[in-house]
Amino acid sequence: MASPDEPYDAGRRHDRDAEDDARREAARGGPDSGFRDGTEPPTSPLHPPAPPQSYPAQPYPSPGYPAQSYPPPPGYQGTGYPAPGFPPGAYPQPHLAPGQQSARGTNVMAILSLVLAFVFAPAGIVLGHIAKRQIRQTGEEGATLANVGLILSYAFTVLGVIACIGFIALASTANY
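Numbering (this note's numbering), first residue to last: 965 to 1140.
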C-alpha cells in the first residue's frame, strides 16, 4: 500500500492485480488447465462436454427375499373391494326407448326465464309462467329456476318502470 505522502500510481495497482490473477491461475493448475477435475470446458454452447462415465456397480447384493404367498382367509370371495360407484339397486335406473327424452330433466323455459330476467325482464315473466305450467303438467324439474326467474323478472321490471318515471319527472322539471 502506498504511503500517504506518495501519489497514487494506477500502473502499480494494475501490476498487483495481474500478480493476483497469476497466483490464482497457478493454484488452479495453470491458465489452460480447464476445470479443477481436469476436464476441459466446452468450446461452444453447441458442443457440450461428454457425459461422465457410469457409476460402478453396487457393492452390496440385493437381499433377494423369497416371494411369499398367503392363502386367502376363510369365506373370502372376489377382490375384497366393493364395486366402484353406488351399490346396485340404490337408485332406480331410467328405462327409455331410443330417442326418448327423460321426463325428469330441467325445463328449458325455466332456464330461459332466469336468463331473460337479466336481459329483457318482461320476456322472463312470460317464460316463467309458461315454465311453471309445463312443470305442473309434465313433472319436469326446474320449479325453483322458474320461481327465481319470475321473482327477478318482476323485480327488474318494477325497477325499470320506476327508472322511467324518474327520468320523465327529471326531464319535465329541467325545462322550468
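The beta carbon of each residue, even a glycine, is placed where N, CA and C say it ideally should be.
Computed from a predicted structure; not experimentally measured.
Proximity below 9 Å, CB of residue i to CB of residue j
i: L1078; j: L1116; result: yes
i: A1119; j: A1095; result: no
i: G1069; j: G1092; result: no
i: T1108; j: P1086; result: no
C-alpha gap between residue i and residue j, whole angstroms
i: L1135; j: C1128; result: It is worth fixing the name first, because residue 1135 is Ala in this sequence and not Leu. When rounded, the distance between both Cα atoms is 10 Å.
i: L1076; j: E1105; result: 14 Å
i: Q1098; j: N1071; result: 8 Å
i: A1081; j: I1126; result: 17 Å
i: I1132; j: R1100; result: 41 Å
i: I1084; j: G1130; result: According to the sequence as given, residue 1084 is Phe; it is not Ile. Near 20 Å, if we compare the C-alpha coordinates of G1130 and F1084.
As assigned by DSSP and simplified to three states, the class of residue i
i: A1127; result: helix
i: E1104; result: coil
Contact with chain D by residue i, beta-carbon distance below 9 Å
i: G1124; result: Considering every chain present, this structure includes no chain D. It has just one protein chain.
Residue i CB to nearest heavy atom of the ligand MN below 8 Å
i: R1100; result: Ligands in the displayed structure: none, and consequently the ligand MN is not present.
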